[in-house]
Each structure stands twice: as structure tokens, then as C-alpha cells.
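Colleague: As you go down the protein sequences, you meet chains P and X in turn.
Numbered per our numbering, the first sequence spans residues 352 to 539.
Numbered per our numbering, the second sequence spans residues -10 to 261.
All C-beta atoms, glycine included, are put in the ideal place defined by N, C-alpha and C.
It should be emphasised that the depicted structure is a prediction, and the values quoted were computed from it without experimental measurement.
Starting off with a structure, shown below.
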Amino acid sequence: MRSRNHRLIFGAVLLVSLAGSRAAAGDHPPYSAAHGLDLARSAARSWSPDAELVYVENDEDVDASGLAVRWGYLFYSQRKDEARGYTIRDGEILEATELEFELQDPPPLAERWVDSDVALEAAEENSGRKYRQEWNGRLSTMLLVRGAFYHKKPDLSTWTLLYTSEDAPALWVVVSAENGKVLKTWRG
Amino acid sequence: MKVMRIPLFLFLLGSLLLSPRHAVANEPGTEPQNGVRETLEVKRADHKKRKHESLRWLRDNRAFLRAQFDQLRLEIGYERDGEAQIIDDQLLLLQQLSSEIASASDLIHDETERALQQDLLMSIDELAELEAQLDLYEHLLIDEQLRLLALENDFLGRQGTALVVVVRGVPREGAPTALLLQEEDTTLRIELSPDQGQALQDGALAQIYHEFVEPREHRLELRLEGAGWENAAPTFIDVETPRDQLTFLELDLAALDPGDPEARPGSQVWQR
């Protein structure tokens, strides 16, 4: 009788904890970077009509599908000579902040770019997956910027994926945001 | 030799004091342009503490990224491309409406001229002609109504995210002479004339702010100016502005008290 009660209690606790974890995940659904852009752009245009998107970065961990619960979008206004960032979760702007440092005239991102899920898949197939498995590594950052990481084609917007491990130098994978192909990788 | 140096020193000192730079430095602010007065104040940068960590890599590696951009400029120079843009459907619609209005105006003008030349109705045929003319006017009116409807639909369907702040009521200490509404580094100062103060006292509403804003939660700082309000603490109001909606924030100033820093204005928020 006592062991039956224990089993019932254990079952109830398991159910509650499963329900809890599902609710927690459901509270903040992950999304791909491009899906928050419309809202971020609408806010940025209210801030300054000439604002242009210059940088995107994951604000929370990116999952295996290239989605994150929160992404950060940075806009630059030439007229104001200021940059303003928006962090978006659940389809809402959690916070809008101005950069506390100057980023002189950063180039605007291309109008069209492949989404974070496509970029992650390319990076994983190229060398990301192998790096993670060999070195017990993880993807720590995904960022989208124009020109800075691929000087051969400075006009190109690129995703840069940074894998890190405690046991090995970091792996950098640069993916073309135009066609989703890996352009270069390096360690360090 | 010493005698020569003293007048020279005085001349230099005078030039420095009278130089335009010195004059500019003493100005409290630039002249208002389009109702905006820019004020210059030097103080330590006080960045808002972030509740949510964002753009972490960028912040941690800003020097690295800046260096990358610098190299980019050294290698290729810098250029922004202008591109031909597809004409907005709305512009095409407006152009079409404009042409239709011009055409209708011409038609009315011609018909009016013709009507003026007809002094008397000479026959039944002319009566029929008049009837046709009236039909034409009726059609023109219907077309005009359709154009107005199209314009109205277009206008209503294009609501941006905007905030309107209205105030009502007067604190016990009397109507303020000005209201200051601040968000981040932008302050809006609205002077209230004695008549406007009286109007508030009589129960009128005053609109003090109407701007496009970011679709997010805002923290507004409200301060009042006038006798008794010099040392009063500012009041903070949180308001969320949903995307593509017009948010109204109504503040009832009657509840404010300069001696009570906890006093908050009665507030009401609605959207349309």
C-alpha cells in the first residue's frame, strides 16, 4: 500500500514537472532571426526614419534548428549618427537601447539575407557538427553583419557562427547571407 | 620693451573675450527651429541600466569589430548605393485618383459653359439633354464619393504606432505653468497659459503629446513647473504602445502633490 502511494506521488510529481517544463518552453517560443525583423524595423523607423539594419545577434542560445527565444537587432541612423538596438522575444520588444559606444557609419545589411536556420545548417554540415562532437563544443554566437568578416567581398552580408569549447580554440564559420554557402572557416 | 608687451597682452585678452567662440559658449541654447530647442549640457554619460542583456558579442568585441570596419574602409573606401525603387501601389492609386478628379473637373467646367449658353429651353429635345446632363453630374458625384472612400480606407489602414498624451484636472496647489514630459534624452516642455490653466480647472482636456513611437513599453517622466513645484520629485508613468495602433494616455493631474513623492496621476490608457 505504501509503495503504491509512493508510486502515485512520484507519478504526480513527474506529471507536474513535465507540465511545468512544457509551459516554460511554450512561454517563449524560439524563432528564426528574420521573423523578428519586421517589428524591429517598425520600431527603428519610429526612432529615425532613415534607420537601417546593420547587425543581428542571438540574445539567447540558438537551438539545433537555428532558432532562438530572443534576437537582438541593431539599427544605425546616419542623420542622428547613432545606433539603437532592439531585443525581441515573444513578438514584443523587451527593450530598446542606444549603444554606449560609437560604431562609425556601419554598412547597412543587404535587403535580403538567408535566415539563421539556413546559415546554421550550412555551418553544421561544413565543420560545426564535427567541431562540437570532437571537442564537446557549442555554438555560442551567431551574428549577421556586412563586410566585416569577409574582405574578399566586402559588399556581402555574412553570418558568422562562433563555436567554442573549453578544450580547443574557437571555430569561426562565415556563411554567405546571400546564398547560404560557407565562405571560410578558421580557428582561434 | 615691457611697455610694448602690456598693450599686446591686453589686446589678446580682449580678442579672446570678444571672440565669437566665447559668445557661443555663453549661449544657453540654440534658437528654436520648428519648435525644437536644442540645449547643450556636458555631463557624465548615464546609460540606462539594461534589464535584458542584448548584443553581448558586439558589446564585448566592439574594438575588434570597429577594427574590421576600419580595414574595410582602408581597402575599398566607402559607398552607399542608391537603387531604383518599385513605385508604391498607394502612389499609383493617388495618381489615378488625381487624374480622375482633373478629368471630372474639366467635364464639369465644359458642361457649365454649355449650360450658361442655353438661356431658354427651346424644345423637348433640350429637356432630354438637360436630364442627361443631370445624370452626368450624378455619376460624377458617385465617382467622387468612391474616391473619398478609397482615400479614407487607405488612411485608416495605415495607422503607425503612435502615442497621444492628454491631461486633465488641476492639483490642489493650482494649475502648473508648464508640463515637462521626458523619455530617455528627449524632453518636451509644454507651457500653459493662464487661460489654458483655467480651462483645465474647468474640466477641459489638453493634448500635450502626439508622436510616432516605438511599439514597446515606455517609461515617461512627468514634471510640473510653477509655484510650489520647484523641488517636487518627478512622476514616472509606464505605458505600452502596441504596434500600428494609436494609444491614448490620459493623465489626471488632480492627484499630484508636490509634497508627496509617492503621489501618482490618475491614468487611463486606451487604443484605437
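Thinking C-beta only, is R489(P) closer than 8 Å to R483(P)?
Modeller: Taking 8 Å as the Cβ cut-off, R483(P) and R489(P) qualify as a contacting pair.
Colleague: At 3 residues or longer, and completely inside the stretch 166 to 240 of chain X: list those beta strand (DSSP E) runs for me, N to C.
Modeller: If we require 3 residues or more, the beta strand (DSSP E) runs fully inside the stretch 166 to 240 of chain X come out as 167 to 172, 175 to 180, 195 to 201, 206 to 214, 224 to 229.
Colleague: How many angstroms separate the CA atom of S88(X) from the CA atom of D132(X)?
Modeller: So the two alpha carbons sit approximately 12 Å from each other.
Colleague: Identify the contact partners of T125(X) in chain P, using a Cβ-Cβ distance below 7 Å as the criterion.
Modeller: Going by the sequence as given, residue 125(X) is Leu instead of Thr. Result: empty, since nearest Cβ-Cβ is about 44 Å, beyond 7 Å.
Colleague: Write down every uninterrupted run of the alpha helix (DSSP H) in the stretch 126 to 150 of chain X whose length is 4 residues or greater and which is fully enclosed by it, in chain order.
Modeller: Counting whole runs of 4 or more residues, the stretch 126 to 150 of chain X contains no alpha helix (DSSP H) stretch at all.
Colleague: Please report the residue range of the alpha helix (DSSP H) in which A519(P) lies.
Modeller: Run containing A519(P): none; DSSP gives neither H nor E here.
Colleague: Can you pull out the residues from the stretch 180 to 214 of chain X whose beta carbon lies closer than 7 Å to at least one beta carbon of chain P?
Modeller: Here the close residues are F201, V202, E203, P204, R205.
Colleague: Who are the near neighbours of K532(P) in its chain, counting only those whose CB is closer than 8 Å to its CB and skipping five residues on each side?
Modeller: Excluding residues within five positions, the ones whose Cβ falls inside 8 Å are A473, V526.
Colleague: Taking contact to mean 3 or more Cβ pairs, one atom from each stretch, closer than 8 Å, check whether the stretch 444 to 459 of chain P and the stretch 79 to 88 of chain X are in contact.
Modeller: Contact fails: fewer than three Cβ-Cβ distances are below 8 Å.
Colleague: Does the structure place the stretch 405 to 416 of chain P close enough to the stretch 169 to 183 of chain X that three or more beta carbon pairs sit under 8 Å?
Modeller: Output reads no: the stretch 405 to 416 of chain P does not touch the stretch 169 to 183 of chain X.
Colleague: By Cβ distance, which residues of its chain are closer than 7 Å to E214(X), with the 5 residues on each side in sequence left out?
Modeller: Same-chain partners within the cutoff: P165, T166, A167, L169.
Colleague: Could you tell me which uninterrupted alpha helix (DSSP H) segments, each at least 4 residues in length, are contained entirely in the stretch 443 to 522 of chain P, listed from first to last along the chain?
Modeller: Taking only runs of at least 4 residues, the alpha helix (DSSP H) segments lying wholly in the stretch 443 to 522 of chain P are 467 to 474, 480 to 486.
Colleague: So which of V202(X), E115(X), R147(X), G163(X) has the shortest CA-CA distance to T230(X)?
Modeller: The option with the nearest alpha carbon to T230(X) is V202(X).
Colleague: Can you list, in chain order, the residues of its chain with a C-beta nearer than 8 Å to that of A188(X)? Leave out the 5 residues immediately preceding and following it.
Modeller: The residues are A195.
Colleague: Please classify S92(X) as buried or exposed, where buried requires at least 16 other C-beta atoms within 10 Å of its C-beta.
Modeller: Its Cβ having fewer than 16 others within 10 Å, S92(X) is exposed.
Colleague: Looking at chain P, is there any beta carbon in it that lies within less than 8 Å of the beta carbon of E42(X)?
Modeller: Yes, E42(X) counts as interfacial toward chain P.
Colleague: Would you verify that the beta carbon of Q60(X) is, or is not, closer than 8 Å to some beta carbon of chain P?
Modeller: Yes, Q60(X) counts as interfacial toward chain P.
Colleague: Quick one: Cα of K40(X) to Cα of E446(P), how far?
Modeller: So the alpha carbons of these two residues sit roughly 8 Å apart.
Colleague: Identify whether R161(X) lies in helix, strand or coil by the three-state DSSP scheme.
Modeller: Correct three-state label for R161(X): coil.
Colleague: Go ahead and pull the three-state DSSP assignment for S88(X).
Modeller: Residue state, collapsed to three classes: helix.
Colleague: Decide if S43(X) is buried, meaning its Cβ has at least 16 other Cβ atoms within 10 Å, or exposed.
Modeller: Buried, since its Cβ has 16 or more Cβ neighbours within 10 Å.
Colleague: Can you tell which of I444(P), V469(P), E476(P) has its C-alpha closest to the C-alpha of G387(P)?
Modeller: The shortest C-alpha separation from G387(P) is found at I444(P).
Colleague: So, is the C-beta of P457(P) closer than 8 Å to a C-beta in chain X?
Modeller: P457(P) counts as touching chain X.
Colleague: May I have the straight-line CA-CA distance separating E433(P) from N487(P), to the nearest angstrom?
Modeller: Cα-Cα distance, rounded: 40 Å.
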